[in-house]
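Enquirer: Encoded as structure tokens, here's the structure I'll be asking about.
Below is the structure:
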């Protein structure tokens, strides 16, 4: 019932965050105290940059642990769920997100004009509000320039070295977006300049790292520009 990338995320949590700590124990012998001890171990872990796991990720890990016990209660006669008795960890809601203002975005996008693929990628992301995976899955066939619309009905993932096209994140993610006239004109021009493009050719064949790096590169001169605009930068 799960998308491949969703299953791989769950599998990774089970293999790396659960089995090394409780994998040799019988499910029926694990107590709420054991779960609390495991939770404390999870709170000590850090990511690849040495930062503690976010509260939302800790919540995700605990939910996966609890799901295993719920399955055992429902189908294998386990008396109760010790993860539920121990209480959850982390938080469901992520920290508040920051958004570019229109003025900030226009300064950054101007700095990307020397790289057309990144320029048009961020134009689509900002003005249409689509996700990265939806951007990477876009093809010429998704655009209707007469009606100035783009159809979002798929998402791209790079899984174990292979390109995978899936359904969007949720059913409601299938949608038709009205583009402003200038964006429709820009995308029509961009597609016309691509060599050997077919209706099903992916228009933005890049990695998430490349997309992020282009933003960071464009932001550096923009930040300096804004800094110089301040009469007294120290205030």
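Numbering (the working numbering), first residue to last: 6 to 240. Using N, Cα and C, we set each Cβ at its ideal position, and we do this for glycine too.
(1) Return yes when the Cβ of residue 61 is within less than 8 Å of the Cβ of residue 96, no when it is not.
(2) Pull up the DSSP beta-bridge partners for residue 161, would you.
(3) Exposed or buried, residue 143, counting other C-beta atoms within 10 Å across all chains shown (16 or more means buried)?
(4) Using DSSP with H/G/I as helix, E/B as strand and the rest coil, what is residue 229?
(5) In the DSSP output, what is residue 156 paired with across the bridge?
(6) Are residue 211 and residue 125 closer than 8 Å when you measure CB to CB?
(7) Assuming residue 122 contacts residue 209 (C-beta within less than 8 Å), just tell me the rounded distance between them.
(8) Closest to residue 82 by CA distance: which of 49, 40 and 32 is it?
(9) Indicate whether residue 158 and residue 179 have their beta-carbon atoms separated by less than 8 Å.
(10) Straight-line CA distance for residue 228 to residue 15?
(11) Which first and last residues belong to the alpha helix (DSSP H) in which residue 115 is found?
(12) Round the Cβ separation of residue 133 and residue 70 to the nearest angstrom and send it over; I've been treating them as touching at under 8 Å.
(13) Looking at residue 156 and residue 181, is the spacing between their C-beta atoms short of 8 Å?
(14) Cα separation between residue 190 and residue 152?
(15) Considering Cα atoms alone, identify which of 45, 23 and 222 is closest to residue 120.
(16) Measuring CB to CB, does residue 160 end up less than 8 Å from residue 174?
(17) Compute the beta-carbon to beta-carbon distance between residue 137 and residue 216, rounded to the nearest angstrom, for a pair I have assumed lies under 8 Å.
(18) Could you spell out where the alpha helix (DSSP H) holding residue 32 opens and where it closes?
(19) So, is residue 1 buried or exposed, given that buried needs 16 or more other C-beta atoms within 10 angstroms?
(20) Could you spell out where the alpha helix (DSSP H) holding residue 126 opens and where it closes?
(21) Under the assumption that residue 19 contacts residue 88 (Cβ atoms under 8 Å), give the Cβ distance between them as a whole number of angstroms.
Expert: If we stick to the structure as given:
(1) yes
(2) 170
(3) Classification for residue 143: buried.
(4) In this prediction, residue 229 scores a pLDDT of 46, lower than 50, which makes its location untrustworthy; the coordinate-derived value is nonetheless stated afterwards. Helix at residue 229.
(5) 181
(6) no
(7) 6 Å
(8) 32
(9) Contact: yes.
(10) Its pLDDT being 49, under 50, residue 228 is placed unreliably in this model, and the value from its coordinates should be taken loosely. In a straight line, the C-alpha of residue 228 is about 39 Å away from that of residue 15.
(11) 107-115
(12) Contact flag wrong, Cβ pair sits at about 37 Å.
(13) yes
(14) Note on geometry: alpha-carbon atoms of residue 190 and residue 152 lie some 12 Å from one another.
(15) 222
(16) yes
(17) 7 Å
(18) Counting along the chain, residue 32 falls outside any alpha helix (DSSP H), and DSSP gives it neither H nor E.
(19) With the chain covering only 6 through 240, there is no way to say anything about residue 1.
(20) 121-133
(21) Rounded, the Cβ-Cβ distance is 13 Å, inconsistent with contact.
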